[in-house]
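Quick note, the sequence shown lines up with residues 23 to 336 if you use my numbering.
Ideal placement from N, C-alpha and C gives every residue a C-beta, glycine not left out.
Report on one structure; see the data block that follows.
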Amino acid sequence: MVPSLSIVIPVYNSEDSLPLLLERLQTVLPQLTDRYEAVLVNDGSRDHSWERIQELQAQYPWMRGICLMRNYGQHNALLCGIRAARHEMIVTMDDDLQNPPEEIAKLLAKLQEGFDVVYGPPEREQHGLWRDLASQMTKIALQNAMGAQTARQVSAFRAFRTQLREAFADYRSPYVSIDVLLTWASTRFAAVRVRHDERRLGRSNYTLRKLVIHALNMMTGFSILPLQIASIVGFVFMLFGVAIMFFTIGRYLISGGVVPGFSFLACTIAIFSGTQLFALGIFGEYLARIHYRTMSRPVYAVRETTKSDPRGPA
């Protein structure tokens, strides 16, 4: 058993799955620790998720609810719940029952081997082809941002020591990646394969578009990879221009003629112009993020919270 445990769950349009989720947690958590809680963060749901959380509060006094002012995104909601957690270890999981509560024990057992963060990647992906491809792209971007091979095994189902949050206690950027923030505190990562159930209620809120945007946010928000790519592309085309110059001079010296054709010149100008605009676009993206940070835009804002017994379960 672990000393104490907080379960952090971002909630978005999941009013039907919440009763089943808490019922299964009620069975599992007492077997893991004597002191536990669940922190459910309503991320601007458009259904009756918040009303359902308030109703469940009376049945499960060890559960707390936090309602955000609007939809900020999964990782922003997670950050809110992580900062509100009161126990020594934290487990984050989805609200759709695809992360079985019964598998939490595997994560905690691996964590107690001396690791600081343990991910629970699925034994088998339950998504479609395009969703899986987008997920892999996101993990590649995350690997560059984290600088760790474990990034290929990241999952929303993760366990870590609460003290790690001190490393990003002052983080204020509106662009959040919990996995990258955890690397600011530790490099002791591990992963253990867990069961991944099919979604039985509702539909996934993580579309292909959202995954692509999340990957781009990680690359430009936590990595200098795009700037490095712009530098490499600029350098390659500079060499291409030098090669054209030597080719033109050499042809002139050998044959006394010039390179014929306006299309060749137009293509060369277009290539260099496109390269410059590509690099400027990347610089502009970084400047925009600096602008957002100077605005002190909040990571999240809380509208309302439920009341719970701070002593935990009886």
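Among the candidates the options, whose CA atom is the shortest distance from the CA of residue i?
{"i": "D118", "options": "D219, H97, Q175 and R108", "result": "D219"}
{"i": "D116", "options": "L203, V63 and G256", "result": "V63"}
{"i": "A107", "options": "M260, W84 and V202", "result": "W84"}
{"i": "F179", "options": "A127, W206 and P196", "result": "A127"}
{"i": "T297", "options": "I251, E73 and V324", "result": "I251"}
{"i": "P144", "options": "L275, S177, G306 and P123", "result": "S177"}
{"i": "L27", "options": "V33, G87, E45 and R57", "result": "R57"}
So, under 8 Å CB-CB, residue i and residue j are touching, yes? Tell me the CB distance rounded to an integer number of Å.
{"i": "N93", "j": "G66", "result": "3 Å"}
{"i": "T114", "j": "L100", "result": "6 Å"}
{"i": "L90", "j": "R325", "result": "6 Å"}
{"i": "V216", "j": "G142", "result": "4 Å"}
{"i": "S71", "j": "V24", "result": "No, S71 and V24 are not in contact; Cβ-Cβ is about 28 Å, not under 8 Å."}
In the DSSP output, which residue or residues are listed as bridge partners for residue i?
{"i": "V30", "result": "V61 and T114"}
{"i": "F323", "result": "Note that residue 323 corresponds to Ala in the displayed sequence, not to Phe. For A323, which the question treats as bridged, DSSP gives no partner whatsoever."}
{"i": "R215", "result": "Answer by DSSP bridge pairing: none, since R215 is not bridged."}
{"i": "R273", "result": "Paired residue(s): none; R273 is not in a bridge."}
Compute the Euclidean distance between the alpha carbons of residue i and residue j, then round it to the nearest angstrom.
{"i": "T55", "j": "V321", "result": "32 Å"}
{"i": "I104", "j": "I200", "result": "10 Å"}
{"i": "L247", "j": "Q134", "result": "34 Å"}
{"i": "N121", "j": "I266", "result": "57 Å"}
{"i": "L204", "j": "L186", "result": "7 Å"}
{"i": "A336", "j": "L47", "result": "Here the model assigns A336 a pLDDT of 43, short of 50, so the residue's position is not dependable, and the following value carries that caveat. One C-alpha to the other measures close to 16 Å."}
{"i": "A323", "j": "P196", "result": "11 Å"}
{"i": "F182", "j": "I75", "result": "25 Å"}
{"i": "L43", "j": "L130", "result": "19 Å"}
{"i": "M111", "j": "F190", "result": "16 Å"}
{"i": "S253", "j": "A310", "result": "19 Å"}
{"i": "E59", "j": "I29", "result": "6 Å"}
{"i": "V50", "j": "E125", "result": "9 Å"}
{"i": "Q53", "j": "A301", "result": "55 Å"}
{"i": "T290", "j": "I88", "result": "57 Å"}
Could you check whether the Cβ of residue i sits closer than 7 Å to any heavy atom belonging to the ligand SAM?
{"i": "M267", "result": "Only the bare structure without any ligand can be found here, which leaves the ligand SAM out of the picture."}
Runs of 4 residues minimum, wholly inside the stretch 64-145: which ones carry the alpha helix (DSSP H) assignment?
Look at the stretch 64-145 and you find these whole runs of alpha helix (DSSP H), each 4 residues long or longer: 71-81, 96-106 and 126-133.
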